[in-house]
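This report concerns only the one structure given below.
Protein chains in written order, with the working numbering: chain H, 1 to 379; chain U, 1001 to 1435.
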């Protein structure tokens, strides 16, 4: 008894360990997506709750802002908002020594003008001769930034960067691409199990065989067929219906196979009894098979939906990369290139794309596990 | 292959003329309500926003709708689309070589004499632009397939004037001085260069520009032309020498930001950021005239950054060569709206619109030069006037399999430590394979 307990504690600890390992990246992504972008750029998410030292460059105002007080020409200004909570420690006036002076000290430029900065970012720059440049000189400051969290990243990503639109596009691709094969395959699976017709087993064998055809091989031929069809009806080859059909086609074999195995496992006595009572195939399908197969439908729905949601290749090939059609994964890939240095956009975008799979996973967990077992055990 | 004086003259005269020419007024087009034009190209943010705004001018004038989509893997994706026959109406090719491939597949429609005449009339030295965008179709007949929209000058080094001043560096007037300056910076504890080759599926292209600029500075333009046409094999000692010269910058951990390992993994759009960090991560960045589009928001030309000409050797009698390139717009079908859009792009208005946004040079004679974003871009004219040789980007002229393929990947291999000889042999093999 004791031994069993020990091993179960051990396995539970092991489980906990793996759960933590798996959850860390997601957690890190989530924290990063909420952090202030300047802080995110220079420090990791695990430092999110500590004060971070940031080096910044600011340019002081130019001649237009100067005022004359006694013998001096003075330019005053602010390097950042006073209520931002940032505190300057050191500052410098050349890129060679960016923390040469402590706050409050007076730094002297080569042209004899003097500058000083206070802790909250107000500077006073004065000179005995008039300032003549439109733009001021640079100030290098080392700032202690308090932890800062914000929803700005989400606002930016959803509305400015087009992730919001891409999210809707992906939903418009994934939902029909999941429901259409489910409808077709449920009929088909029923026919393959409970209807007797010539060549049924051969048909099943062909479907199983078609599982081995890699999707990547058929992309261009299918697109070519779409073009010919599209030209016939005067519609574009790359369109939502096209991508629905592609996903449906690619999902057909596995969905049929899984559903057929499930339906096969239902007790045959029920169908026979129904038949004796005069039920047609359609009645049996609608009134017996469908209600009994809901768990299988749910689990296949999850698998197919997640596949379509996370897909990149099919979406790239069968849709134009324009704002009205680009899917989330393609959009993220695009941002990775064009906004590669803007981590706040990438982390936030990635998290937005993860929300739906996460939600589905947590909400429908039991179906998900059943889905993995679908057809493997005879009910 | 002699574009020397022609293109030089082209861009030159246009820039000169643009100071005096009057604005071309507003574009007016036929009513195209209900029609739609889709454009696909390599431009991503922020250039794609500008392209969409340019498209909006067209939408307003004609009532048609315009959509632009960009991809990081444009070169691969456009080939899939063309093979399947479902490419966007308009395709923006970053290279003539790739456009020639597309034309040979029968993917592009000839633009016809009217547009050809527009190029001849409106672009300075129009004939040379026409020559560069005339390709053999699937039957081997030469067709005028594309127009150049947005050209750029590549032989530029970007830097921060303030950082130079703080360290007491002078702008180098010759390659010898540039090499000395690089050493000086490294011994001062600064990092001289920021180099980034990353560009999605096109990763490696910035290194090909380095190679081309170096070729023009170490050998005669005739050697360069022989290299482009493969009359001189890619693994010729002269090419190896140029590659190793690039290596003296890129493979020296003290000369490049992040060390040589970071060269291939840094995105070309992120690379120049090192000029603007505190403390500065690097002092210089060699890149074409379009790069300010990727500088940090709010940086101002002439204040926060500036450029100097990537100098030639004082000791070699090769003059001052300049490297340039341009993007082409081609059509995959000849419906009315698509062709009209190309005509629209020949109007000064879209050129002027993009000029005002920065990072845009054009050989169009009809544009108003005062629309340029800043004096810095006007200064580009001086780079051209000072040039004794002008050459079009070699990798862009090489066949797609080389110039948009093995040359790119080869340069990545080279920065990852493969020897110049192995890299050049592999590129030559891939060239032999398509002959």
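No residue lacks a Cβ here, since even glycine has one placed at the ideal position from N, Cα and C.
The three-state reading of DSSP puts residue 1341 of chain U in helix, counting H, G and I together. Cβ contact annotation for residue 1102 of chain U (same chain, cutoff 6 Å, sequence separation greater than five): 1082 and 1108, in chain order. Excluding five sequence positions before and after residue 210 of chain H, the CB atoms of its chain that fall closer than 6 Å to its own CB belong to 253, given in chain order. With a cut-off of 8 Å on Cβ pairs, the segment 159 to 167 of chain H is in contact with the segment 348 to 358 of chain H, counting three or more such pairs. Taking all protein chains shown into account, residue 1334 of chain U has fewer than 16 neighbouring C-beta atoms within 10 Å of its C-beta and is therefore exposed. A Cβ-Cβ separation of about 6 Å places residue 59 of chain H in contact with residue 136 of chain H under the 8 Å criterion.
Within the DSSP secondary-structure output, residue 1065 of chain U pairs in a beta bridge with U:1036.
Cβ neighbours of residue 51 of chain H within its own chain (closer than 6 Å, five residues either side excluded): 144 and 146. Just so you know, the alpha carbons of residue 1084 of chain U and residue 1077 of chain U end up roughly 11 Å apart.
Taking the Cβ atoms as the reference, residue 1220 of chain U lies roughly 7 Å from residue 1318 of chain U, within the contact range of under 8 Å. Residue 127 of chain H carries a strand assignment under DSSP once its states are collapsed to helix, strand and coil. Of all residues in the segment 1078 to 1097 of chain U, only 1080, 1081, 1083, 1084, 1085, 1086 and 1088 place a beta-carbon less than 9 Å from a beta-carbon of chain H. One finds 320, 321 and 322 in chain H with Cβ atoms closer than 9 Å to the Cβ of residue 1040 of chain U, taken in chain order.
The beta carbons of residue 344 of chain H and residue 55 of chain H sit about 18 Å from each other, so the pair does not count as a contact at 8 Å. Around the CB of residue 1370 of chain U, fewer than 16 other CB atoms lie within 10 Å, so the residue is classed as exposed. DSSP lists H:56 and H:91 as the beta-bridge partner residues of residue 141 of chain H. Here residue 1321 of chain U really is in contact with residue 1387 of chain U; their C-beta atoms are around 7 Å apart, less than 8 Å.
The beta-carbon of residue 1279 of chain U is placed less than 8 Å from the nearest beta-carbon of chain H.
For residue 1042 of chain U, the secondary structure class from DSSP, reduced to helix, strand or coil, is coil. Residue 83 of chain H counts as exposed, since fewer than 16 other beta carbons sit within 10 angstroms of its beta carbon. Taken atom to atom, the span from the alpha-carbon of residue 1427 of chain U to that of residue 1403 of chain U is near 10 Å. Not a single CB atom of chain U sits nearer than 8 Å to the CB of residue 79 of chain H. DSSP places residue 1224 of chain U in the uninterrupted alpha helix (DSSP H) bounded by 1221 to 1229. For residue 351 of chain H, the enclosing alpha helix (DSSP H) has its first and last residue at 343 to 363. Chain-order list of chain H residues neighbouring residue 1200 of chain U: 337, by C-beta distance under 7 Å. Scanning chain U for C-beta atoms nearer than 8 Å to the C-beta of residue 355 of chain H yields nothing, as the closest lies near 23 Å away.
Residue 1142 of chain U is bridged by DSSP to U:1136. Contact note: residue 227 of chain H reaches chain U through 1084, 1085 and 1086, using a C-beta cutoff of 7 Å and chain order. Only those residues of the segment 135 to 165 of chain H whose C-beta falls short of 7 Å from the nearest C-beta of chain U are listed: 135, 138 and 140. Within the segment 1148 to 1170 of chain U, the residues whose Cβ lies closer than 7 Å to some Cβ of chain H are 1162, 1163, 1166 and 1167, listed in chain order. A straight-line Cα-Cα distance of about 38 Å links residue 217 of chain H and residue 20 of chain H.
The C-beta distance from residue 305 of chain H to residue 174 of chain H rounds to 6 Å, short enough to fall under 8 Å.
In terms of beta-carbon proximity, residue 1410 of chain U stays away from the interface with chain H, with every pair separated by 8 Å or more. No residue range can be given for residue 1296 of chain U, since it is assigned to no alpha helix (DSSP H) and is classified by DSSP as neither H nor E.
Against residue 1378 of chain U, chain H offers no close residue; the least beta-carbon distance is about 17 Å (beta-carbon pairs closer than 8 Å).
DSSP places residue 149 of chain H within a strand segment (E or B) once states are collapsed to three.
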